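Numbering (my numbering), first residue to last: 33 to 626. Each residue gets a CB set at the ideal place from its N, CA and C atoms; glycine is no exception. Note that the structure is predicted; figures quoted are calculated from it, not measured.
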Ligand SMILES: [Zn+2]
């Protein structure tokens, strides 16, 4: 018998012992979060009360009968019993992952058999909190729901009501968030901030601009504020204190400061050294000016006049925005801190990511002119056009049902219950749509916006809760010509923020080979080229003796070494092998010989 992983003794009949412990726990004689299990050929009993175990509530089933009887249900309805009462009376117990192994949980009351040990409190429990928010998720494929719940976490909305007084990194606020028309019971229970918008969606292809998961947006909808968001980025600078009474200074740097930028880059700074609120700044503009004292005394002697160094905070590369707020305060050690929050308006543009909660994510392929968008007989033009080919392979039937439910909700002016398993049914939507004079199947006759011709097929059109995701083109777009290289390898540095290059990797190399673009390939891989002198006699590496104007082999001392062009990374490899006492030798051959 083990208690929290420690051996504490032995029992004769392990099965009976475990049953006895569980009985006692249900009576309240032992802590409710204690778990006990017996397993293995040795019949070891493991008791656990450790923190960090995930527990979930289940209704206890005894002798094929749920302990949550109709009488208890009545008490709950009349408010005579509470959740805690159910736990105290042993009707509901918390089970951890280990004890769950021994349990046979029935999903519904009718599923209870002789062997059942527990009953699910509600079937929607199997989805968890986030996935349970997806309307009609019981009609979707599970792998799609995993993707869908991931996109729910990335959606833009209002992440905190006090966002104006906060300094969070990499956050956005959606300008006009809406609560979904079709929502699950969990949505109302959690009472969360909205993080999406109810859009009119037509399921049809559009001029090839919504192939491969792309979506087409209506320009008029975008102009009216659909999907508009603001991106925030804080910048921070601290006045540090150094030994010898020296300290940083948040000021507009003087021109004699070493590392002075251009006068132009300080133009937004006010007398306190911080950019003014509502200044429209671009990358490279200084938003917090700062000077730092010289780090070493020798440095000060060398440049006695320019004793201070530049330490300002500029706007990050390839970013721009408006100064939204300025905060000046002190940190725990009494150092002055200046924080500036930049704001950037983000209007939807091709490449921005959108998603429905059913794991149907995609990027904007085109923002089409409103007059070119197809319209229904009543003149409705969809906000978003979704490609029908995204449905059959992914089997996201919940998407189709939500579209129909959203249409019903929008037309009747009622909130639709989209709770998994027990929400409103398709029959109800069909009946309501029929009553309102619409086709029961959600399809409508539509007209081509460009030619005005009636379309041969009727189009499935309805309302849908769409999420704008935090991945926007503006944060990712990057290109460079020439630029910085790493000191050690002489290869271009990586990363957008540092102005790095785009990697031409193994697969890209193969693509160029496939196209026969050998000169382009050579040019790409030439970026770190260098010359090595290789000896024809011993194959060693030589050097150029500038004084005697000769190429000398440092291995055998011979003078028949020739220059060979290699990449610097290769020379580095040879040098590092040398450092490991591994000698490398080369065989030279005339490249024109067959
Ligand atoms: Zn040699």
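Straight-line CA distance for residue i to residue j?
i           : j           : result
residue 131 : residue 155 : 20 Å
residue 83  : residue 68  : 15 Å
residue 72  : residue 46  : 11 Å
residue 454 : residue 170 : 10 Å
residue 386 : residue 188 : 10 Å
residue 226 : residue 38  : 48 Å
residue 395 : residue 246 : 5 Å
residue 33  : residue 202 : 50 Å
residue 122 : residue 97  : 14 Å
residue 346 : residue 376 : 16 Å
residue 514 : residue 580 : 36 Å
residue 58  : residue 180 : 38 Å
residue 497 : residue 404 : 24 Å
residue 538 : residue 258 : 41 Å
residue 104 : residue 112 : 9 Å
residue 200 : residue 433 : 37 Å
residue 325 : residue 289 : 10 Å
residue 185 : residue 211 : 16 Å
residue 159 : residue 302 : 54 Å
residue 462 : residue 136 : 38 Å
residue 124 : residue 138 : 14 Å
residue 536 : residue 556 : 8 Å
residue 21  : residue 191 : Residue 21 is absent from the model: the chain starts at 33 and stops at 626.
residue 409 : residue 495 : 17 Å
residue 65  : residue 41  : 21 Å
residue 533 : residue 443 : 52 Å
residue 608 : residue 342 : 37 Å
residue 63  : residue 48  : 19 Å
residue 281 : residue 204 : 32 Å
residue 127 : residue 90  : 7 Å
residue 265 : residue 243 : 34 Å
residue 311 : residue 369 : 20 Å
residue 216 : residue 235 : 23 Å
residue 220 : residue 197 : 27 Å
residue 391 : residue 493 : 19 Å
Identify every residue that forms a DSSP beta bridge with residue i.
i           : result
residue 510 : Paired residue(s): none; residue 510 is not in a bridge.
residue 235 : 418, 492
residue 229 : 498
residue 310 : DSSP lists no partner for residue 310.
residue 35  : 38, 79
residue 596 : 564
residue 247 : 396
residue 479 : 407, 486
residue 325 : Per DSSP, none; premise fails for residue 325.
Please list the terminal residues of the continuous beta strand (DSSP E) segment that includes residue i.
i           : result
residue 500 : 491-500
residue 262 : 261-270
residue 574 : 573-577
residue 125 : 124-128
residue 584 : 582-585
residue 301 : Element bounds for residue 301: n/a, residue is neither H nor E.
residue 91  : 87-94
residue 319 : 318-320
Assuming residue i is part of the alpha helix (DSSP H), what are its boundary residues?
i           : result
residue 563 : Residue 563 -> not in any alpha helix (DSSP H); beta strand (DSSP E) instead, spanning 561-567.
residue 103 : 102-109
residue 602 : 600-611
residue 423 : That residue, residue 423, is in no alpha helix (DSSP H); it is neither H nor E in DSSP.
residue 254 : 251-255
residue 119 : 115-120
residue 458 : 458-467
residue 545 : 538-546
residue 557 : 550-557
What runs of the beta strand (DSSP E), each 3 residues or longer, lie entirely inside the region 361-414? If we require 3 residues or more, the beta strand (DSSP E) runs fully inside the region 361-414 come out as 368-378, 385-388, 392-400.
I need the residues with a C-beta less than 6 Å from some heavy atom of ligand 1; please give them in chain order. 567, 569, 570, 572, 585, 587, 588, 590
Only counting runs of 3 or more residues, tell me where the beta strand (DSSP E) segments fall wholly within the region 41-83, in order along the chain. Runs of the beta strand (DSSP E) spanning 3 or more residues and lying entirely within the region 41-83 occur at 67-71, 76-80, in chain order.
Beta strand (DSSP E) runs wholly inside the region 167-219, at least 3 long, in chain order: For the region 167-219, the full-length beta strand (DSSP E) segments reaching 3 residues or more read 203-206 along the chain.
Enumerate, from N- to C-terminal direction, the unbroken alpha helix (DSSP H) stretches of 4 or more residues contained entirely within the region 129-162. 129-132
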